[in-house]
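Visitor: Handing you a structure now.
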């Protein structure tokens, strides 16, 4: 219809113009009219291009090499085991700390019971060391009493021996008995020092043997607790690979949890387009999922610290071989509006087209406006897995102790007395040969 109207108008104008033009000038008039028409169209196109450049190209930089991205939190087992239960499927929402996968606990339970037995054995063995110290002290006291009695007898024998009251052989035998007893006392003191060396400056709870057994129990307790694989963050389950009956290891990827409330766009601009890009500038974003009629409004958060090639598996080595100049791209992180993201949810990996309003001033190119919700990405339950182990260790130590023992004082503390004001326990004097 429009084409017919255009042709009718053109023929009418041509007839009117040609009717008033002499025949010899009609060809020239037609040529001039065509040139004028072509010139007008060219001028109009130039004006449109200038307006387009002034209103858009000079103020915006556009790329379709942009994608929605987010945090893909991998879920892995921390221990070896066989999967006995999988509680969630792809696309399901899970809360932080929810049990996703459960492993069998037979091996870990047996290891935990063995660690409990070893801890109890260590406590009883250390209790024996403390009792051995007390026993050695009593032996020294008994031997010193016998030695003191023989010394008194020797003095009396020597006093009456000149008068023939007792034979000289008895005096010699008493002297030999005293020397033998002195050697026995020195041996008992050496045994006491060896026993004290194993418990000096410690208690049953803080003895190295008990601490070592407690450490083994903690390791076994962690293996038992970690058979339940929990969600590190809240989000949607994706890429589930695990099945009941699978043998998993600490490096085995079970699934991923994707939080969809914290997403951003990573746009890869050519290096020559980044001259005026600054953090804080506004961005118009269109996602292929919703079409070009729906636009998101974002903000430039920061510019990547390097091009994608330098972080690749094989970084470029431009100093070797023939060199080919390649225009590199630099990733630009763009924040999405939380309100718009809730109204129109997105998924990581979706294609996008971004336009940065470079006429805005923005901040320094070295600044970063990235806001990370670290509170939502904290998993405190991992650090609380040993709370039950501490209580179990205390119960085992209390059940295997006979009675609380004070720390064995050192030689210096025996001379100074106990810091609490109590007198130091009596010790046998050292016998010099």
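Numbering (UniProt numbering), first residue to last: 1 to 433.
Cβ atoms here follow ideal geometry from the backbone N, Cα and C, with glycine treated the same way.
The model shown is predicted, which means the values in this text are computed figures rather than measured ones.
(1) Buried or exposed: where does residue 374 fall if 16 or more other Cβ atoms within 10 Å of its Cβ makes it buried?
(2) Looking at the structure shown, is residue 215 part of a helix, part of a strand, or coil, going by DSSP?
(3) Can you check which of these residues, 387, 327, 399, 275, is closest to residue 364 by C-alpha distance?
(4) Below 8 Å on the Cβ atoms is my guess for residue 61 versus residue 358; work out the distance and round it to an integer in Å.
(5) Is there contact between the stretch 131-140 and the stretch 178-194, where contact requires at least three CB pairs shorter than 8 Å?
(6) If you draw a straight line from the alpha carbon of residue 279 to that of residue 300, how long is it in whole angstroms?
(7) Looking only at DSSP bridge pairs, what is residue 279 linked to?
(8) Rounding to the nearest angstrom, what Cα-Cα distance links residue 101 and residue 273 in this structure?
(9) Whose C-alpha, out of 201, 121, 290, 98, is nearest the C-alpha of residue 340?
(10) Report the partner residues of residue 296 according to the DSSP bridge assignment.
(11) Thinking just about the alpha-carbon of each residue, which of 221, 330, 335, 245 is nearest to the one in residue 390?
(12) For residue 214, count neighbouring C-beta atoms within 10 Å of its own C-beta (all shown protein chains included) and say buried if the count is 16 or more, exposed if not.
(13) Beta carbon of residue 77, beta carbon of residue 248: below 7 Å?
(14) Mapping the DSSP letters down to three states, classify residue 400 as helix, strand or coil.
(15) Which residues in the same chain as residue 408 place their Cβ atom closer than 7 Å to its Cβ, once the five residues preceding and following it in sequence are excluded?
(16) What first and last residue would you give for the alpha helix (DSSP H) that runs through residue 153?
(17) Since I believe residue 119 is in contact with residue 260 (beta carbons under 8 Å), could you give me their beta-carbon distance rounded to a whole number of angstroms?
Guide: Concretely, from the data shown:
(1) Exposed, by the Cβ-count rule.
(2) Judged by DSSP in its simplified three-state form, residue 215 adopts helix.
(3) 275 is the residue among 387, 327, 399, 275 whose C-alpha sits nearest the C-alpha of residue 364.
(4) The C-beta separation of residue 61 from residue 358 comes to about 6 Å, placing the pair in contact by the 8 Å criterion.
(5) Taking 8 Å as the limit for Cβ pairs, the verdict is that the stretch 178-194 does touch the stretch 131-140.
(6) It is roughly 5 Å from the alpha-carbon of residue 279 to the alpha-carbon of residue 300.
(7) Residue pairing of residue 279 in beta bridges, as defined by DSSP: absent, with no partner found.
(8) Distance between residue 101 and residue 273, taken at the CA atoms: about 47 Å.
(9) Relative to the Cα of residue 340, the nearest Cα in the group 201, 121, 290, 98 belongs to 290.
(10) Under DSSP, residue 296 shares a beta bridge with 285.
(11) Checked all of 221, 330, 335, 245; the closest Cα to residue 390 is 221.
(12) Burial call: buried.
(13) With contacts defined as CB atoms closer than 7 Å, residue 77 and residue 248 qualify as a contacting pair.
(14) It is helical.
(15) Only weak support is given to the placement of residue 408: the predicted model assigns it a pLDDT of 45, under 50, and the value that follows is read from those uncertain coordinates. Here the set comprises 133, 196, 199, 200.
(16) For residue 153, the enclosing alpha helix (DSSP H) starts and ends at 106-160.
(17) Between residue 260 and residue 119 the beta-carbon gap is near 46 Å, outside 8 Å, which marks them as no contact.
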